[in-house]
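*Asks:*
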Amino acid sequence: MVGATRSQSVMHPIFVYISLFLFLGAIGMHYGNRKVDTQTGQKRWLKFLTYIVIVSTVLAGIFLDRFDLVAIFISVVGLGEIIKIITKLSSRWFQLLIIVIYVAITFGFIYFSTSFDRSLLLFIYFQVFTFDGFSQVVGQLLGKQKLLPQISPGKTLEGLVGGTVFCVLSALLARNWVAFSMPKALLLGLTTASLAFVGDILASYLKRRCHVKDYSTLLPGHGGFLDRFDSLMMVGVGYSLLSQLRSLQ
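Numbering follows my numbering, with no gaps: position 63 of the sequence shown is 65.
Below, the structure is given as structure tokens:
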């Protein structure tokens, strides 16, 4: 029985899709790096390889039914990063507010990790993975129009649109994992993209307020844990709230 379960995990379609998307992302990275100097290109490749390790870790947590441990680890490390950077804020009340908001987010994220079954976690994470990856690749290839330069100078309208399109596509591809109709998958794809974008922007806003570029240097090419998992955490919170309003399972 255990052997059969492991075999089913290895054969899950998400590995095919993610491998394909990573391959497309690598091609996009290759062509995008033609516009930049060698050092910048090398940093992008390091970031890409680190991302593969991160994705593998999250998927391992989900397939081993221990995604709750992954979520707790992310949340605890993230709290340390938050505490470190908010010392740069002059207002103690604002510092306290940030801590309260972050703790609330972590509770929602951990609830998400423990209350949703494997298929639904994979369905949602596949979308977050796709949005994060393709919003960057499309932004690097086609990005010209800055979206919110005062908050996140690197974000472009083209990157957001590209990430959203691929996010919706991933939801449609994965809808059979959770037996969702096409309209529902389409709606959830748009929901995931919106939540991921909000999480990214909120994290960027706090960094600007604290006058830091990254939350830490723990993840090569990515900065800190919150630089990498801000979108996933917000998506988790959003779906936790939605699950209380409507049954998704």
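Where is the CB? At the ideal position from N, CA and C, for every residue including glycine.
#1: I think F199 touches L162, with their Cβ atoms under 8 Å apart; what is that distance to the nearest whole Å?
#2: Can you tell me whether DSSP reads G156 as helix, strand or coil?
#3: Give the secondary structure of G145 by DSSP, where H, G and I count as helix, E and B as strand, and everything else as coil.
#4: Given a cut-off of 7 Å on the beta-carbon distance, is the pair T116 and D70 in contact?
#5: Near R210, what residues of its chain come up, given a Cβ to Cβ distance below 7 Å and the 5 sequence neighbours on each side ignored?
#6: State the start and end residues of the unbroken alpha helix (DSSP H) segment that holds W95.
#7: Are the beta-carbon atoms of F125 and A176 separated by less than 7 Å?
#8: I think I252 touches F128, with their Cβ atoms under 8 Å apart; what is that distance to the nearest whole Å?
#9: Round the Cβ separation of L122 and V180 to the nearest angstrom and send it over; I've been treating them as touching at under 8 Å.
#10: Rounding to the nearest angstrom, what Cα-Cα distance links D216 and S183 in this structure?
#11: Could you have a look at L22 and say whether DSSP puts it in helix, strand or coil?
#12: Contact check, Q252 vs I88 under 8 Å by CB: the rounded distance?
#13: State the DSSP-derived secondary structure class of L150, mapped to helix, strand or coil.
#14: Considering only their Cβ atoms, is the gap separating V139 from G30 smaller than 7 Å?
#15: Find the nearest neighbour of G165 within the set K157, L144, G156, D134, judged by alpha-carbon distance.
#16: Once you ignore the five residues that flank C169 on each side, which residues in its own chain have a CB closer than 7 Å to its CB?
#17: L228: buried (16+ other C-beta within 10 angstroms of its C-beta) or exposed?
#18: Using beta-carbon positions only, say whether G201 and S233 come within less than 7 Å of one another.
#19: Since V195 is in the alpha helix (DSSP H), which residue starts that stretch and which ends it?
*Replies:* For this structure:
#1: In the sequence shown, counting from the first residue as 1, residue 199 sits at position 197. In the sequence shown, counting from the first residue as 1, residue 162 sits at position 160. Sure, about 6 Å apart at Cβ, within 8 Å.
#2: Residue numbering aside, residue 156 sits at position 154 when the sequence shown is read from its first letter. DSSP places G156 in strand when its eight states are reduced to three.
#3: In the sequence shown, counting from the first residue as 1, residue 145 sits at position 143. In this structure, G145 counts as coil in the three-state DSSP scheme.
#4: Within the sequence shown, numbered from 1, the residue matching residue 116 stands at position 114. Within the sequence shown, numbered from 1, the residue matching residue 70 stands at position 68. Cβ atoms of T116 and D70: closer than 7 Å.
#5: Position 208 of the sequence shown holds residue 210. Excluding sequence neighbours, R210 sits near I153.
#6: Residue 95 sits at position 93 when you count from the first residue of the sequence shown. Run containing W95: 94-117, per the alpha helix (DSSP H) assignment.
#7: By 1-based counting over the sequence shown, the position of residue 125 is 123. By 1-based counting over the sequence shown, the position of residue 176 is 174. Contact: yes.
#8: Residue 252 is absent from the model: the chain starts at 3 and stops at 251.
#9: Numbered from 1 along the sequence shown, position 120 holds the residue referred to as residue 122. Numbered from 1 along the sequence shown, position 178 holds the residue referred to as residue 180. Confirmed, about 6 Å.
#10: Looking up residue 216 in the sequence shown gives position 214. Looking up residue 183 in the sequence shown gives position 181. In a straight line, the C-alpha of D216 is about 39 Å away from that of S183.
#11: Taking the first residue of the sequence shown as 1, we reach residue 22 at position 20. L22: helix per DSSP, three-state reduction.
#12: The structure shown does not extend to residue 252, since the chain is modelled only from 3 to 251, so the question has no answer here.
#13: Start at 1 with the first residue of the sequence shown, and residue 150 comes out as number 148. Strand.
#14: If you number the sequence shown from 1, residue 30 lands on position 28. If you number the sequence shown from 1, residue 139 lands on position 137. It is a contact, given that the beta carbons lie within the stated cut-off.
#15: Translated into the one-based positions of the sequence shown, residue 165 becomes position 163. For the residues K157, L144, G156, D134, the minimum Cα distance to G165 belongs to D134.
#16: Here residue 169 refers to the residue found at position 167 when the sequence shown is read from its first residue. So the qualifying residues of the chain are Q129, T132, F133, G191, T194, A195.
#17: Working through the sequence shown from its first residue, we reach residue 228 at position 226. Buried, since its Cβ has 16 or more Cβ neighbours within 10 Å.
#18: As a first step, residue 201 must be located in the sequence shown, where it is residue number 199. As a first step, residue 233 must be located in the sequence shown, where it is residue number 231. Yes, the Cβ-Cβ distance between G201 and S233 is below 7 Å.
#19: For the purposes of this step, residue 195 is taken as the residue at position 193 of the sequence shown. Per the sequence presented here, residue 195 reads as Ala, with Val not at that position. From DSSP, the alpha helix (DSSP H) with A195 extends over 184-212.
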